[in-house]
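Chains as they are written, first to last, in this note's numbering: chain S, 1 to 322; chain E, 323 to 518.
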Amino acid sequence: MKLLFYPGCSMQRTARPYLDSLLAIREAIGVELEEVADWNCCGATEYMSVHRVPAHALVGRNLALASRQAQGTDTLTAGCSACYLNLAKTDQQMREDPRLAAKVNDALQAGGLSYDAGSLKVRHLLDVVCNDVGYEAVQAKVVRPLHGLRLAPYYGCQVVRPDPDARWDDREHPTAMDRLLRALGAEVVDYPLKTQCCGGHMTVIGPDVAYGLIRRLVHGADAAGADAIVTLCPMCQLNLDAYQIEMNKHYGTRYAVPVLYFTQLMGLAFGRSPAELGIGKEFVPAAPALARISDQPPAAAETAKKKRRPRAADGLPMPRVG
Amino acid sequence: MSAVPSPSAADREPECSAFLREVMDATPGDSRLNMCIQCGTCGGSCPAGTEMDHTPRRLFAMIRSGLRDAVLRSNTPWYCVSCYFCTVRCPQQIHITDVMYTLKGMAIGAKLYRDNSPPDFSQTFVDYVEHYGRSFELGLATRFNLKHHPLSLPAMAPMGLGMLKRGRMELVPHRIEGMAQLTRILDRAKALEATP
Numbered sequence: 001m002k003l004l005f006y007p008g009c010s011m012q013r014t015a016r017p018y019l020d021s022l023l024a025i026r027e028a029i030g031v032e033l034e035e036v037a038d039w040n041c042c043g044a045t046e047y048m049s050v051h052r053v054p055a056h057a058l059v060g061r062n063l064a065l066a067s068r069q070a071q072g073t074d075t076l077t078a079g080c081s082a083c084y085l086n087l088a089k090t091d092q093q094m095r096e097d098p099r100l101a102a103k104v105n106d107a108l109q110a111g112g113l114s115y116d117a118g119s120l121k122v123r124h125l126l127d128v129v130c131n132d133v134g135y136e137a138v139q140a141k142v143v144r145p146l147h148g149l150r151l152a153p154y155y156g157c158q159v160v161r162p163d164p165d166a167r168w169d170d171r172e173h174p175t176a177m178d179r180l181l182r183a184l185g186a187e188v189v190d191y192p193l194k195t196q197c198c199g200g201h202m203t204v205i206g207p208d209v210a211y212g213l214i215r216r217l218v219h220g221a222d223a224a225g226a227d228a229i230v231t232l233c234p235m236c237q238l239n240l241d242a243y244q245i246e247m248n249k250h251y252g253t254r255y256a257v258p259v260l261y262f263t264q265l266m267g268l269a270f271g272r273s274p275a276e277l278g279i280g281k282e283f284v285p286a287a288p289a290l291a292r293i294s295d296q297p298p299a300a301a302e303t304a305k306k307k308r309r310p311r312a313a314d315g316l317p318m319p320r321v322g
Numbered sequence: 323m324s325a326v327p328s329p330s331a332a333d334r335e336p337e338c339s340a341f342l343r344e345v346m347d348a349t350p351g352d353s354r355l356n357m358c359i360q361c362g363t364c365g366g367s368c369p370a371g372t373e374m375d376h377t378p379r380r381l382f383a384m385i386r387s388g389l390r391d392a393v394l395r396s397n398t399p400w401y402c403v404s405c406y407f408c409t410v411r412c413p414q415q416i417h418i419t420d421v422m423y424t425l426k427g428m429a430i431g432a433k434l435y436r437d438n439s440p441p442d443f444s445q446t447f448v449d450y451v452e453h454y455g456r457s458f459e460l461g462l463a464t465r466f467n468l469k470h471h472p473l474s475l476p477a478m479a480p481m482g483l484g485m486l487k488r489g490r491m492e493l494v495p496h497r498i499e500g501m502a503q504l505t506r507i508l509d510r511a512k513a514l515e516a517t518p
C-alpha cells in the first residue's frame, strides 16, 4: 500500500523514536511511504492564532505539493495529531468555504502551486494501520506477543476531535488503538481519560494548567495498573514523558509511567530490537515495564479473575456496596 | 438525534450585534456562533476552564452584547488548548475552537490582551516558520523563556540537555529549499486576509 507521507517537524526531532519505529515496521505491514518533498511546518496551533488565511496557505502548500506528487495513491498520512488535523481541516474548510478556497489558491498561485480541495484523503497513521492494514494483518506479523504487558491507550485530542472526516467510532471513547494493542498480545487497561488533553502548548505558556492535566493522565494510568501509556502523537508523548519529570517536581510526586508510541510496541511484537525502535530515548525509562513481557500468555485463571477497579487515594468518596 | 436546523441568514440577523457579525465573518465556514443557547456545556467540558476569566458561554453572551474590548481583553481564548471537547459536545454545533482562534487573531490585531506571553509564544513560533519553513524547538523555547520566564531557564536546562543527549533536539534549524516560494505564498495570503 503506497502512501504519501507528511512527517512534520516533531517526528524529525523530538519524536524521532516515532519515525524510527515507523520506518522499522513499514515493510512488515506492507506500507510504502513516499515523503512529501520539501514540506513545510503545518503551523501547529500557533500560526492559526496569528494569521488566518496565511495559516491555511501554509498548510495549502503541503497539500499542493502532495497532490502534485501523488501517483498511485491519493492518501496523505501524518503521524502527528496536530499535523494531521491541520492538513485535514484546511482540506475540509476549503471544501466548505469557497471564498477561503479561492483565497488559498490565489496565495498558492504566487508560488506556482494550486490545490483542488478534496483531491487528497488526509488520514492519521493510526487510522491507516487499524482500518486499512487491519488488525488481522498486524496480528499475523506478531512473533513476540506482548503477553503480560498492561497498556493504557492514550489517544489525546486532535486525532479523534473534531474528526472532520468521521474516521472514528467515537470522538471521546474510541477503541481502535485498544484493539490494535490487544492484537499485539498486550492487555489493555480501562483508561477513561484516553482522550483528555495533555496540555498542548500549555507546558510552555501556562505550566500550572499543564501539570494538572499531566498529573491526572499519569495518575489515571498508574491507578489502572498500566505498565506504560501508549500514544500516537509527538506532543502528547513529550508532555507526558519529559514533563512527567517536571510535574513530579511540581507536586512532589514520584510517578514513573513510561510513554511509548504504538509503532514502538508494534515493532517489539514484530521481533525488532528496542534500539532500532528508539526505545531508550524516553525520559521515563521503559525498560522495567518491558521486562514484564512474558513468553507465556497470562494464565486463564488470572484473566478470568475479575479485578476490582483500583480506587484513587485522592478520588471522590464513593458509597461502598456490600 | 436529529440535526439542528439552520435558520436562514435573515432569521438570524436581528440577534446579531455588529461585533458578533464581525467574529462570524472572520471565522471560516459557518461558525453558528449566533445559535448559542447559553447552556454552558462548553465551559463544563473545558480542561482549562477554571483558569479562564470568562467561560466560553459567558464570552459568547458578551460577544452578542457587543462588548468588543472586554471580549478581546479576555484570557479565555489564550487558555484554549484546542482539545475540541466543547466543539463536539455543543448541542448547537458551534465551531467553538475555531471561534477561539478568530478571537486570538482579533486580539492580536487590536493589541488587546493583558498578558502578552501567549501571543508572544504564537508570534515566536510564526517567526521561525516564516524564516525557515519549519519549527525549531530549541530556538522557540529559549527565545520565549528568555523574554518571559528568564528565572525558569536553569530549572529547564536538564530537560533541554536530556533532549539533546537523546537525539531528540537539534542545535540548528532546518531551512526548506522552497523558502522563497513559501514567502511569496504567505505574503500574498497576508494581503488577501484583509480583503472580504
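Positions of the beta carbon are idealized from the N, C-alpha and C atoms, including for glycine.
If you follow the alpha helix (DSSP H) that S/Val104 is part of, which residue opens it and which one closes it? Per DSSP, the continuous alpha helix (DSSP H) segment holding S/Val104 begins and ends at Pro98 to Gln109.
Using the DSSP secondary-structure output, state which residues sit across from E/Asp370 in a beta bridge. According to the sequence displayed, residue 370 of chain E carries Ala and not Asp. The beta-bridge partner set that DSSP reports for E/Ala370 is empty.
Taking C-beta pairs closer than 7 Å, name the residues in chain E that S/Asp38 reaches, listed in chain order. What S/Asp38 touches in chain E, judged by beta-carbon distance under 7 Å, is Ile498, Glu499 and Gly500, going in chain order.
So with CB distances below 7 Å, who are the chain S contacts of E/Arg430? A quick correction: the sequence has Ile, not Arg, at residue 430 of chain E. Ordered by position in chain S, the residues that pass the 7 Å Cβ test against E/Ile430 are Val50.
E/Ile359 classed as buried or exposed, judged by whether at least 16 other C-beta atoms fall within 10 angstroms: If you draw a 10 Å sphere on the C-beta of E/Ile359, you find fewer than 16 other C-beta atoms in it, and that means exposed.
Go to E/Thr560, then tell me how far its alpha helix (DSSP H) extends in each direction, as first and last residue. Limits of chain E in this structure are 323 at one end and 518 at the other, which puts residue 560 of chain E out of reach.
Starting from S/Pro153 and walking both ways along the alpha helix (DSSP H), at which residues does that stretch end? Taken as a continuous stretch (DSSP letters only), S/Pro153 belongs to no alpha helix (DSSP H), being part of the beta strand (DSSP E) at Arg150 to Pro153.
Can a CB atom of chain S be found closer than 8 Å to the CB of E/Met323? Note that E/Met323 scores 45 on pLDDT, short of 50, meaning its location in the model is unreliable; the coordinates nonetheless yield the value given after this. Judged by the 8 Å Cβ criterion, E/Met323 is not in contact with chain S.
Min CB distance S/Leu3 to chain E below 8 Å: Among the residues facing chain E, S/Leu3 is not included, as its CB has no counterpart in that chain under 8 Å away.
Beta-carbon proximity of E/Gly461 to E/Ile498, cut-off 8 Å: No, the Cβ-Cβ distance between E/Gly461 and E/Ile498 is not below 8 Å.
Along the alpha helix (DSSP H) that carries S/Tyr115, what are the first and last residues, could you check? In the DSSP assignment, S/Tyr115 falls outside any alpha helix (DSSP H) and carries neither an H nor an E.
Using a C-beta cutoff of 8 Å, does S/Ala301 count as contacting chain E? Because S/Ala301 carries a pLDDT of 45, less than 50, the predicted location of this residue cannot be relied on, and the following value inherits that uncertainty. Chain E has no Cβ within less than 8 Å of the Cβ of S/Ala301.
With 16 as the cutoff for other CB atoms within 10 Å, does S/Glu35 come out buried or exposed? When all chains shown are included, S/Glu35 counts as exposed.
Using a Cβ-Cβ cut-off of less than 7 Å, list which residues of the segment 427-461 of chain E approach chain S; keep chain order. Cβ contacts with chain S: Gly427, Ile430, Ser439, Pro440, Phe443, Ser444, Gln445, Phe447, Val448, Val451, Gly455, Arg456, Ser457 and Glu459.
Report the neighbours of E/Val393 on chain S: residues whose CB is nearer than 9 Å to its CB, in chain order. Those do not exist, as E/Val393 stays about 15 Å from chain S at its closest Cβ, beyond 9 Å.
C-beta contact flag for S/Gly156 and S/Cys130 at 8 Å: Their beta carbons are not under 8 Å apart, which means S/Gly156 does not touch S/Cys130 by this criterion.
If you draw a straight line from the alpha carbon of S/Asn347 to that of S/Arg13, how long is it in whole angstroms? Given that chain S is displayed from residue 1 to residue 322, the structure contains no residue 347 of chain S and the question cannot be resolved.
Taking just the CA atoms, how far does S/Tyr115 sit from E/Pro399? The alpha-carbon atoms of E/Pro399 and S/Tyr115 are separated by roughly 31 Å.
How many Å lie between E/His496 and S/Ala269 at the Cα? So the two alpha carbons sit approximately 34 Å from each other.
Which of the residues in the segment 395-414 of chain E, read from start to end, lie with their CB under 9 Å from any CB of chain S? For the segment 395-414 of chain E, the beta-carbon criterion of a distance under 9 Å to any beta-carbon of chain S is satisfied by Pro399, Trp400, Tyr401, Cys402, Val403, Ser404, Cys405, Tyr406, Phe407, Thr409, Val410 and Arg411.
Could you compute how far the alpha carbon of S/Gly200 sits from the alpha carbon of S/Pro298? Spanning the two alpha carbons is a distance of roughly 37 Å.
Cβ shell of S/Gly280 (< 8 Å), same chain only, five flanking positions each side left out: Closer than 8 Å at the Cβ level, and outside the excluded window around S/Gly280, lie Pro274, Ala286 and Ala287.
Pick from S/Thr77, S/Thr45 and S/Gly112: whose alpha carbon is nearest that of E/Leu508? Of S/Thr77, S/Thr45 and S/Gly112, the residue nearest in Cα terms is S/Gly112.
Quick check on DSSP: helix, strand or coil for S/Ala15? Residue state, collapsed to three classes: coil.
Would you mind telling me which residues of chain E sit closer than 8 Å to S/Leu22, beta carbon to beta carbon, in chain order? Listed along chain E is no residue with a C-beta nearer than 8 Å to that of S/Leu22; the closest approach is about 16 Å.
In this structure, does DSSP put E/Phe341 in helix, strand or coil? Three-state DSSP puts E/Phe341 in a helix.
List, in chain order, every chain S residue whose beta-carbon is nearer than 8 Å to that of E/Arg390. Within 8 Å Cβ-Cβ: nothing; E/Arg390 doesn't reach chain S, min ~18 Å.
Just mark E/Asn287 as buried or exposed, buried being the case when its beta carbon has 16 or more other beta carbons within 10 Å. Because chain E is modelled from 323 through 518, residue 287 of chain E falls outside the range shown and cannot be assessed.
Can you check whether the C-beta of S/Pro54 is within less than 8 Å of a C-beta belonging to chain E? Among the residues facing chain E, S/Pro54 is included, as its CB has a counterpart in that chain under 8 Å away.
Chain S partners of E/Pro476, CB-CB under 8 Å? From the beta-carbon of E/Pro476, no residue of chain S is found nearer than 8 Å; the closest lies around 13 Å away.
Proximal residues to S/Ser294 (C-beta, below 6 Å), its chain only, five neighbours per side dropped: So the qualifying residues of the chain are His147 and Gly148.
Cβ pair E/Cys450, S/Arg161 closer than 8 Å: It is worth fixing the name first, because residue 450 of chain E is Tyr in this sequence and not Cys. It is not a contact, given that the beta carbons lie outside the stated cut-off.
With three or more C-beta pairs closer than 8 Å as the rule, is the segment 353-371 of chain E touching the segment 407-414 of chain E? For the pair of segments examined, the segment 407-414 of chain E was found to touch the segment 353-371 of chain E: the number of CB pairs separated by less than 8 Å reaches three.
For the beta strand (DSSP E) containing S/Val230, list its first residue and its last residue. Segment Ala228 to Thr231, the beta strand (DSSP E) holding S/Val230.
Between S/Val209 and chain E, is the shortest Cβ-Cβ distance under 8 Å, so that the two count as touching? By this cut-off, S/Val209 is an interface position.
S/Ala301, DSSP secondary structure in three states: Legend: pLDDT at S/Ala301 = 45, less than 50; position of this residue unreliable, value from coordinates given subsequently. For S/Ala301, the secondary structure class from DSSP, reduced to helix, strand or coil, is helix.
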